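Undergrad:
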Amino acid sequence: MLSGIELRPDFILPDLGADSDLQVIERLADCLFGAGMVRDTFKSAVLKREVDYCTGLAFPEMSVAIPHTDPAHVIMPCIAIAALREPVTFRSMGRPNVPCEVEMVFLLAITDPDTQVGFLTALIQAFREPGRLPALKACKTAEELTALFQSYFD
Amino acid sequence: MKQILLACGTGICTTTIATKKLEMALNEKGWAGKYKITQCKVTEVPNLSPDFDLCVATTPVAGEVQCPVIIGAPALLTGIGLDPIISQIVDVLSA
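Taken in order, these protein sequences are the chains called A and B.
Numbering-wise, the first sequence is residues 1 to 154 according to the working numbering.
Numbering-wise, the second sequence is residues 1 to 95 according to the working numbering.
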């Protein structure tokens with residue numbers, strides 16, 4: 001179950017070339033703002049949070065980042081996903097001086113952690129499940145990635 | 001009842017995930033019903049810390065903190081290297 005978290009093909013960048021962690025976040029935040037899912041303060045709030053409290057996470061098969069911010073900047077709960085053409089250096093959660101070569105980024109726009117906790121824990125579980133992250137990364141189109149991602153939460 | 005403060009940058013999302021993981025791990029170690037987890041923002045830790053036995057944070061904590069602090073990330077998120085972190089947490093709770 002995606003617990004009411006909206007994911008649409010236009011929130012997905014399946015082959016994003018980017019120079020920096022912040023550039024990836026900007027591109028994803030623009031998708032959500034363009035669709036009216038988040039407030040105009042969302043992008044700067046996520047960028048600031050990533051600088052202050054970085055979100056790179058090394059899972060066994062792939063490193064990912066899960067940038068997010070306070071629910072005050074979110075209109076509708078949703079997620080935007082980027083599969084990066086080349087790995088981009090993020091900083092590791094809890095260890096800001098440890099670089100993390102990230103291949104996929106999941107920008108979370110959460111409104112209510114209590115009702116969306118099921119989704120959040122299922123998301124992390126999916127990252128740990130063998131084969132899932134590589135399969136998401138291998139998707140050629142946004143539609144394909146949307147369908148595969150949703151199938152992990154059925 | 002041991003009071004655990006669980007902190008991340010915004011006090012949502014990361015802490016929500018980490019709380020679930022920590023609850024499961026502590027309950028497996030026989031701590032069910034013997035602790036209470038409160039989520040907060042990492043900037044709130046110095047002020048809240050006097051009332052807590054332990055702070056588990058997913059990011060480094062700045063300022064003067066009056067309880068032990070254990071950095072629980074990335075282990076509480078990825079599950080990698082979780083056992084030594086849980087042992088540290090149990091040691092502090094048992095002290």
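Using N, Cα and C, we set each Cβ at its ideal position, and we do this for glycine too.
If you're wondering where the values come from, they're calculated on a predicted model, not measured in any experiment.
#1: Can you name the start and end residues of the beta strand (DSSP E) that Glu86(A) belongs to?
#2: At the 8 Å Cβ level, is Lys20(B) part of the contact set with chain A, yes or no?
#3: Can you pull the chain B residues whose beta carbon is under 7 Å from the beta carbon of Thr69(A), in chain order?
#4: Please tell me whether Ile25(A) and Val38(A) are closer than 8 Å, where the distance is taken between their beta carbons.
#5: Please classify Cys31(A): does DSSP put it in a helix, a strand, or coil?
#6: Just the C-alpha distance for Val92(B) and Trp31(B), rounded to the nearest angstrom, thanks.
#7: Under DSSP, the alpha helix (DSSP H) around Thr78(B) begins and ends at which residues?
#8: Going by DSSP, what residue range makes up the alpha helix (DSSP H) through Gln88(B)?
#9: Quick test of your reading: Phe11(A) and Ile79(A), contact by CB under 8 Å. State the CB separation rounded to the nearest angstrom.
#10: Check distances from the C-beta atoms of the stretch 83 to 97 of chain A to those of chain B and list, in chain order, the residues that come in under 8 Å.
#11: Using 8 Å as the cut-off, can you tell me whether the stretch 123 to 135 of chain A makes contact with the stretch 89 to 96 of chain A, which would need three or more C-beta pairs spanning the two stretches below that distance?
#12: Just the chain A side, please: which residues come within less than 7 Å of Ala73(B) by C-beta, in chain order?
#13: Could you please give the first and the last residue of the uninterrupted alpha helix (DSSP H) stretch that includes Gln66(B)?
#14: So the candidates are Ala72(A), Cys54(A), Asp154(A), Ala18(A); which of them puts its Cα closest to the Cα of Leu123(A)?
#15: Under 8 Å, do Ile37(B) and Leu6(B) count as touching if we go by C-beta distance?
#16: Quick one: what's got a C-beta closer than 8 Å to Val74(A)'s C-beta in the same chain, skipping five residues either side?
#17: Take the Cβ of Glu86(A) as the centre, count every other Cβ of all protein chains shown within 10 Å, and call the residue buried at 16 or more, exposed below.
#18: Would you mind working out which of Pro74(B), Ala18(B), Cys40(B) sits nearest Ala58(A), comparing C-alpha positions?
#19: From this set, Gly9(B), Ile4(B), Cys13(B), which residue's C-alpha is nearest Thr121(A)'s C-alpha?
#20: Report the rounded CA-to-CA distance for Gln23(A) versus Leu136(A), giving the unit in angstroms.
#21: Assign Gly17(A) to buried or exposed, taking buried as 16 or more other Cβ atoms, counted over all protein chains shown, within 10 Å of its Cβ.
#22: Quick one: Cα of Leu107(A) to Cα of Ala62(B), how far?
#23: So Ile86(B) and Lys20(B) are supposed to be a Cβ contact under 8 Å. How far apart are they, rounded?
#24: In whole angstroms, what is the alpha-carbon distance linking Ala95(B) and Gln88(B)?
#25: Which first and last residues belong to the alpha helix (DSSP H) in which Ala229(A) is found?
#26: Does DSSP put Ala142(A) in a helix, a strand or coil?
TA: Judging by the given coordinates:
#1: 78 to 92
#2: yes
#3: Thr10
#4: no
#5: helix
#6: 13 Å
#7: 75 to 78
#8: 82 to 94
#9: 7 Å
#10: Ser92, Met93, Gly94, Arg95, Pro96
#11: no
#12: Met93, Gly94
#13: Careful: Gln66(B) lies outside any alpha helix (DSSP H) and carries neither H nor E.
#14: Asp154(A)
#15: yes
#16: Met37, Val38, Arg39, Phe42, Ala109, Ile110, Thr111
#17: exposed
#18: Pro74(B)
#19: Cys13(B)
#20: 21 Å
#21: exposed
#22: 26 Å
#23: At roughly 14 Å, the Cβ-Cβ gap does not stay under 8 Å, so Ile86(B) and Lys20(B) are not in contact.
#24: 11 Å
#25: In the structure as shown, chain A starts at 1 and stops at 154, and residue 229(A) therefore has no counterpart that could be examined.
#26: helix
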